[in-house]
Amino acid sequence: MHIAIIGCGVVGGAYARALKEQASLSLCDIVSEGRPGALAREMGLPLHDAPGSWLEGCDFAIAAVPGRESPVAAAAALPFLPQDCLYVDVSTGAPAAMRGAAADFAARGRDFVDTAILGAVDLTGGATPVLIAGEQAARAQQIFEIMGAPVQCLAEGKPGDAVALKLLRSVVVKNIECAAVECLTAAEALGVRARLLEMFADIDAKPFRDLLASLATTHIQHAERRKHEMEEAAAQLRELGFDAAVTGALEKRYKATLAHREKAPPGEAHASLDQALAWLSASAKS
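One gets my numbering by counting positions in the sequence shown from 1 and adding 4 to each.
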């Protein structure tokens, strides 16, 4: 099996290391700023600076480039890919760009799958879970299973569907990331970090998905109280000299919910997640 890895940053490097004993590899780094040839030297392989005829004979091409470079990398590789080569895009590109690239590949009789990485590659390497969408998802699955990664293939999923789900997931995860920075730096300033982390034990006790459903459902009833609580939390951060960028921004969400409550009383919308989301959707749209 011959695999081309296009993009030699953290993700491309993790996949190269995980696959080096299982396949012959070719490396290409379109964006090499800050890492000129480092992975290629480590692997003892030549480094290509652009897709070309060297792609002939590849069974798979894994594109691990920054999301904004995804369309450029796909367009550059397409003319050189053999007909039976599967292009596996693991970048976090825009869903529309993924769909456009997939259409271009289909027009040339080439296969394209959209693969969303669901975790921190710098922690779990090639074994990081993935979600795959596209007609050839099952074929792409074998690469990730070789690396020990848990794989989900989206039933009837099309390119763009996997990254769309990842970006929705990122709304939660990246907000938590920024909130963690804001919270833990303040806790460190107060000398209470260990004590604070112990206070999250109740969250550890239940599945995270249940917590999300509970927060969204109870938001309708408790928006006003929670808004005041977050105002106090933001004030404490500012007193400590922190900007409260994340915490302060929550006020807008609470205000929108409270304004919608005035215009459209929610009644029993808090009775279930389905009802809550139907009511909240009107206030959540810009």
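Positions of the beta carbon are idealized from the N, C-alpha and C atoms, including for glycine.
Only a predicted model underlies this, so the values are computations on that prediction, with no experimental measurement involved.
(request) Using beta-carbon positions only, say whether P75 and G56 come within less than 8 angstroms of one another. (result) Here residue 75 refers to the residue found at position 71 when the sequence shown is read from its first residue. Here residue 56 refers to the residue found at position 52 when the sequence shown is read from its first residue. It is not a contact, given that the beta carbons lie outside the stated cut-off.
(request) May I ask you to report which of helix, strand or coil DSSP gives S30? (result) Taking the sequence shown and counting its residues from 1, one reaches residue 30 at position 26. In the three-state scheme derived from DSSP, where H, G and I count as helix and E and B as strand, S30 is classed as strand.
(request) Measure the Cβ-Cβ separation of A166 and A137 and say whether it is below 8 angstroms. (result) For this step, residue 166 is matched to residue 162 along the sequence shown. For this step, residue 137 is matched to residue 133 along the sequence shown. Yes; because the gap between Cβ atoms is below 8 angstroms, this pair is in contact.
(request) Would you mind stating whether G71 and G97 have Cβ atoms separated by less than 8 angstroms? (result) As a first step, residue 71 must be located in the sequence shown, where it is residue number 67. As a first step, residue 97 must be located in the sequence shown, where it is residue number 93. Yes, these two residues count as a Cβ contact at 8 angstroms.
(request) List the residues that DSSP assigns as beta-bridge partners of T119. (result) Translated into the one-based positions of the sequence shown, residue 119 becomes position 115. Bridge partners of T119: I136.
(request) Look up A159 in the DSSP assignment and say whether it is helix, strand or coil. (result) On the sequence shown, residue 159 is found 155 positions in, with the first residue counted as 1. A159 carries a coil assignment under DSSP once its states are collapsed to helix, strand and coil.
(message) Please report the straight-line C-alpha distance between F204 and L284, rounded to a whole angstrom.
(response) On the sequence shown, residue 204 is found 200 positions in, with the first residue counted as 1. On the sequence shown, residue 284 is found 280 positions in, with the first residue counted as 1. So the two alpha carbons sit approximately 27 angstroms from each other.
(message) Within a Cβ cutoff of 8 angstroms, which residues of the same chain sit near I207, ignoring the five residues on either side of it in sequence?
(response) Residue 207 sits at position 203 when you count from the first residue of the sequence shown. Cβ-Cβ distances below 8 angstroms link I207 to L215 in the same chain, with the five nearest sequence neighbours on each side left out; the list follows chain order.
(request) Would you list the one or two residues that DSSP bridges to I66? (result) Against the sequence shown, residue 66 aligns to sequence position 62. Residue pairing from DSSP places I66 in a beta bridge opposite I9 and V92.
(request) Please state whether DSSP places L51 in a helix, a strand or coil. (result) The residue labelled residue 51 in the question sits at position 47 within the sequence shown. Taken through DSSP and simplified to helix, strand or coil, L51 comes out as strand.
(message) Using C-beta distances below 6 angstroms, list every residue in its chain close to P99, excluding the 5 sequence neighbours before and after it, in chain order.
(response) Residue numbering aside, residue 99 sits at position 95 when the sequence shown is read from its first letter. Result list for P99: G164, V167 and A168, in chain order.
(request) Measure the C-alpha to C-alpha separation of A81 and S276 and round it to an integer number of angstroms. (result) For the purposes of this step, residue 81 is identified with residue 77 of the sequence shown, where counting begins at 1. For the purposes of this step, residue 276 is identified with residue 272 of the sequence shown, where counting begins at 1. Near 48 angstroms, if we compare the C-alpha coordinates of S276 and A81.
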